[in-house]
Structure formats: structure tokens, C-alpha cells
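*Asks:*
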Amino acid sequence: MAQAKSDAQQRQSATLPRQMPNPEGRQEDCLQINYHPQGLINLRNSGDVSKIMSRHFGTALPQEANRFSVSGDRRALWLGPDESLLMCADQDAAELHRTLGTQLTDQHFQLTLLSDALAVYELNGPYVREILAKGCALDLHVSVFRPGQCAQSSLDRASVTLMCEARNSFRLICRTSFADYVETWLKDAAIEYGYSVRNRLK
Amino acid sequence: MLQLNCPFCGLRDEAEFSCGGEAHIARPLAGNQLNDKDFADYLFLRDNPKGVFLERWRHAAGCRRWFNVARHTVSHEIIETYAMGSLPKSKAARQAYQESWRRKTAAEAASKPAKKGKEGR
Ligand SMILES: [Zn+2]
Numbered sequence: 001m002a003q004a005k006s007d008a009q010q011r012q013s014a015t016l017p018r019q020m021p022n023p024e025g026r027q028e029d030c031l032q033i034n035y036h037p038q039g040l041i042n043l044r045n046s047g048d049v050s051k052i053m054s055r056h057f058g059t060a061l062p063q064e065a066n067r068f069s070v071s072g073d074r075r076a077l078w079l080g081p082d083e084s085l086l087m088c089a090d091q092d093a094a095e096l097h098r099t100l101g102t103q104l105t106d107q108h109f110q111l112t113l114l115s116d117a118l119a120v121y122e123l124n125g126p127y128v129r130e131i132l133a134k135g136c137a138l139d140l141h142v143s144v145f146r147p148g149q150c151a152q153s154s155l156d157r158a159s160v161t162l163m164c165e166a167r168n169s170f171r172l173i174c175r176t177s178f179a180d181y182v183e184t185w186l187k188d189a190a191i192e193y194g195y196s197v198r199n200r201l202k
Numbered sequence: 203m204l205q206l207n208c209p210f211c212g213l214r215d216e217a218e219f220s221c222g223g224e225a226h227i228a229r230p231l232a233g234n235q236l237n238d239k240d241f242a243d244y245l246f247l248r249d250n251p252k253g254v255f256l257e258r259w260r261h262a263a264g265c266r267r268w269f270n271v272a273r274h275t276v277s278h279e280i281i282e283t284y285a286m287g288s289l290p291k292s293k294a295a296r297q298a299y300q301e302s303w304r305r306k307t308a309a310e311a312a313s314k315p316a317k318k319g320k321e322g323r
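Here the protein sequences come in this chain order: A and L. Taking the numbering used here, the leading residue of the first sequence gets 1, the next gets one more, and so forth. Taking the numbering used here, the leading residue of the second sequence gets 203, the next gets one more, and so forth.
#1: On the criterion of 16 or more Cβ atoms from any shown chain inside 10 Å, does A/H141 qualify as buried, or is it exposed?
#2: Between the C-alpha atoms of L/R305 and L/Y299, what's the straight-line distance to the nearest angstrom?
#3: Count the other C-beta atoms from every protein chain shown that fall within 10 angstroms of the C-beta of A/M53, then say buried if there are 16 or more, exposed otherwise.
#4: Between the alpha carbons of A/W78 and A/N66, how many angstroms are there, rounded?
#5: Show which residues of chain L have a CB atom less than 7 Å away from the CB atom of A/L79.
#6: Quick one: what does DSSP say L/D215 is sitting in, helix, strand or coil?
#7: Whole angstroms are fine: how far does the CA of L/A311 sit from the CA of L/D249?
#8: Give a yes or no on contact between the region 61-75 of chain A and the region 99-115 of chain A, applying the rule of three or more CB pairs nearer than 8 Å.
#9: Can you name the residues of chain L whose CB is closer than 9 Å to the CB of A/N66?
#10: Determine which residues share a DSSP beta bridge with A/R74 and list them.
#11: Let me have the residue list for ligand 1: C-beta closer than 5 Å to any non-hydrogen atom, ordered along the chain.
#12: If contact means a Cβ-Cβ distance below 7 Å, which residues of the region 156-184 of chain A contact chain L?
#13: Would you give the residue range spanned by the beta strand (DSSP E) that A/T105 belongs to?
#14: Assign L/W303 to one of two classes, buried (16 or more other C-beta atoms within 10 Å of its C-beta) or exposed (fewer than that).
#15: With respect to the alpha helix (DSSP H) encompassing A/Y127, which residues constitute its N-terminal and C-terminal limits?
#16: Alpha carbon to alpha carbon, how far is L/I280 from L/M203? Give it in angstroms, no decimals.
#17: Is L/G217 close to chain A? Criterion is C-beta to C-beta, closer than 8 Å.
#18: Which residues, taken in chain order from the region 140-154 of chain A, show a beta carbon closer than 8 Å to some beta carbon of chain L?
#19: Chain D beta carbons: is any one of them nearer than 8 Å to that of A/A119?
#20: How many whole angstroms separate the CB atoms of A/S153 and A/V160, which I take to be in contact at a CB cut-off of 8 Å?
#21: Near A/R200, what residues of its chain come up, given a Cβ to Cβ distance below 7 Å and the 5 sequence neighbours on each side ignored?
#22: Does the separation of the CB atoms of A/I131 and A/L31 fall below 8 Å?
#23: If distances are taken between C-alpha atoms only, which option among L/A316, L/S220, L/A309, L/K317 comes closest to L/H226?
#24: Since L/I281 is in the beta strand (DSSP E), which residue starts that stretch and which ends it?
Structure (C-alpha cells):
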């Protein structure tokens, strides 16, 4: 079994290498795919947490649905009316999880560490929206999906959360068990523009 | 492809949703006096109208929240979407709610608490 799996992986990486040049030589058009481990905490809460979040996380939860708030390398994403995803540096997650757990004492809440459960990719390139749109039904036009917006949807049947950081810059969150599939899919979708994978999920 | 208006996320493709069947089926209260036939109306019988149907849907690939949808089963028109625990606002959907055979069942009557003031008389 182990041998068969590694053969399959070799075949896959042989089919789609880590780098694919732009077919017309425009290297600036390539999609940069960067696996970027992040600390991730799912928060469900029943009451007001704005003071606690501002003091201990650095930013309050977003007020509007499908938005995220930013403070330095931290992000707080709206996932549902009582649910958020907190994103921070990988090494800060355990400490933050402990701190918030001791602060949120006045209400019903749930904090779940998801750093290992979810994989985060940074996607940069002038055609990142066109590439994602090949497998995602969201309207990703620059006038609709703007910086600060996030959305849970599916990318060719894989559950993903997309975050628009800037016009040509996205973050993609998927289950770690789907990361290989999503990464391969991104490479395949980006062939016509060229791509490079900077960092790989081990 | 249908688009549904999630009360939280707005218009999204049908593929992101899953349908949870008929809406507005109230569970009889504990201690009800229903016989098996009347209880079966609540537990087993589901409507399948040709026309406006009130359904529960879940935004499965998005915010994962439940909400209600009034949908025409012939034209597939989405008449309205509305929050869990509330009633539809459009005329067609309100009519579908009021005229449903379920409104007259003993199971639905047994889902409402007894009116205060009548007890003990
Ligand atoms: Zn939704």
C-alpha cells in the first residue's frame, strides 16, 4: 500500500511540476501559490465579545456577514451569525486559545484550535480571480468581491473559504486532507498563465 | 441552475445548498394524548404539492445555517426566503401556509401549549 501511494504521488508531481512558466514569456502573469501555515481558532459565542477581542486579539469581530477584520498578521473572519474564524501566526495560536478561554467567562462559548485541521494558501497574481472562477460559483469580479470580503463556498467540490486581501491577492482556506487536491487543482487551472509553488504542505 | 437568497450570504448557487424537506412541522408537546394515527401525521406524512411549497433549506457549503424557502414546484420559482421560526410574507406563500392540510391536524394542535386561564376550570 505504501509503495502504491508513493507511486501515485510521483506520477502526480511528474504531471504537474512545481513551476510552470507563462507560455508567452510574461512571468509577471504567473500565479504564486504559497502554502502558509497559520494559527486558526474557531469561535462560537452567544454574547458581546468586542472588548475582549479588541484587547486580547487585536481586532474586534467583523460587523457585517462575509467580511473579515484585520490587525497586523491577525484576521477575524465571519463564518456565521454566531461563528468566527480567528487567524494568527502559527506559534501564537495555543497561547491565544488559552487566553480567550479564560476571558470569555460571561457567556456560552466554544473555542476550537484548528491550525492542523485547515490549510491556508496565499494566492497572488493578476489572473488569480480568473483561475479561481474556473471552479467556484462565487462572483469574483473586482467590483463585487472586494478586499476585506470573505466567503465560504466550494472549489470544484472541495469546501473552501476565500479571503480577498487585495485586488490580485487572495487567501484560500481548505481542509488539510483536501490540500493536495486543491493544490493540484490550482496548478492545473493556472497552466495557461503559468504558476510557481513556493512552499509545500509536507 | 437555481439561485437561492441565503438570509445571511445573499444570492448563491443551488449547488451550495441542501434541501431539508417540508417546513413548519411542529412537534407535539410531551404528554400529548394523540393516538398513533394522529401522531403519524407529524412523524411520517410529508406534503408533495404541485404549486407553492414551503421548505427548509441549509446553506451547506456556505454559512451552514438553516432557513425557509417558498418555492413553486412546477416553475421552480423561488418566491421568497425567510428566517427559521418566522412565517412567509408574500401573499402566495402565506396562502400556502394557511391552506396546508397540516394546519387542521390534531398533531399541530397538540404542539401548542394550552391557553392560560382555561386551566383548572
Ligand atoms: Zn449563507
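Every residue, glycine too, gets a C-beta built ideally from N, C-alpha and C.
*Replies:* Short version:
#1: For the purposes of this step, residue 141 of chain A is taken as the residue at position 141 of the first sequence. A/H141 is exposed by the Cβ-count criterion.
#2: Reading the second sequence from its first residue, position 103 is the one you call residue 305 of chain L. Reading the second sequence from its first residue, position 97 is the one you call residue 299 of chain L. Approximately 8 Å, taken between the alpha carbons.
#3: Translated into positions along the first sequence, residue 53 of chain A becomes position 53. Its Cβ being crowded by 16 or more others within 10 Å, A/M53 is buried.
#4: For this step, residue 78 of chain A is matched to residue 78 along the first sequence. For this step, residue 66 of chain A is matched to residue 66 along the first sequence. The straight-line gap from Cα to Cα measures roughly 5 Å.
#5: To locate residue 79 of chain A, count along the first sequence from 1; it is residue 79. Neighbours of A/L79 on chain L, chain order: C265.
#6: What you label residue 215 of chain L is simply residue 13 of the second sequence in a count that begins at 1. Of the three classes helix, strand and coil, the one that applies to L/D215 here is strand, per DSSP.
#7: Taking the second sequence and counting its residues from 1, one reaches residue 249 of chain L at position 47. Taking the second sequence and counting its residues from 1, one reaches residue 311 of chain L at position 109. Computed Cα separation, rounded: 18 Å.
#8: no
#9: Locating residue 66 of chain A in the first sequence gives position 66, counting from the first residue. Residues of chain L passing the Cβ test: F210, C211, G212, G264, C265.
#10: In the first sequence, the residue the question calls residue 74 of chain A occupies position 74. Answer is A/S71, bridged to A/R74.
#11: L/C208, L/F210, L/C211, L/H261, L/G264, L/C265
#12: S159
#13: Here residue 105 of chain A is taken as the residue at index 105 of the first sequence, counted from 1. Where A/T105 is concerned, there is no enclosing beta strand (DSSP E), given that its DSSP letter is neither H nor E.
#14: Against the second sequence, residue 303 of chain L aligns to sequence position 101. So L/W303 ends up on the exposed side.
#15: Locating residue 127 of chain A in the first sequence gives position 127, where the first residue counts as 1. No alpha helix (DSSP H) holds A/Y127; DSSP gives it neither H nor E.
#16: If you number the second sequence from 1, residue 203 of chain L lands on position 1. If you number the second sequence from 1, residue 280 of chain L lands on position 78. Computed Cα separation, rounded: 12 Å.
#17: Residue numbering aside, residue 217 of chain L sits at position 15 when the second sequence is read from its first letter. It should be pointed out that residue 217 of chain L corresponds to Ala in this sequence rather than to Gly. Yes, its Cβ sits closer than 8 Å to a Cβ of chain A.
#18: A151, Q152, S153, S154
#19: Protein chains A and L are contained in the structure displayed, whereas chain D is not.
#20: Residue 153 of chain A sits at position 153 when you count from the first residue of the first sequence. Residue 160 of chain A sits at position 160 when you count from the first residue of the first sequence. Their Cβ separation, rounded to whole angstroms, is 6 Å, which keeps A/S153 and A/V160 in contact under 8 Å.
#21: As a first step, residue 200 of chain A must be located in the first sequence, where it is residue number 200. Closer than 7 Å at the Cβ level, and outside the excluded window around A/R200, lie Y35.
#22: Here residue 131 of chain A refers to the residue found at position 131 of the first sequence. Here residue 31 of chain A refers to the residue found at position 31 of the first sequence. Going by C-beta atoms, A/I131 is nearer than 8 Å to A/L31.
#23: The residue given as residue 226 of chain L occupies position 24 in the second sequence. L/H226 has its Cα closest to that of L/A309, out of L/A316, L/S220, L/A309, L/K317.
#24: Numbered from its first residue, the second sequence carries residue 281 of chain L at position 79. Segment 280-285, the beta strand (DSSP E) holding L/I281.
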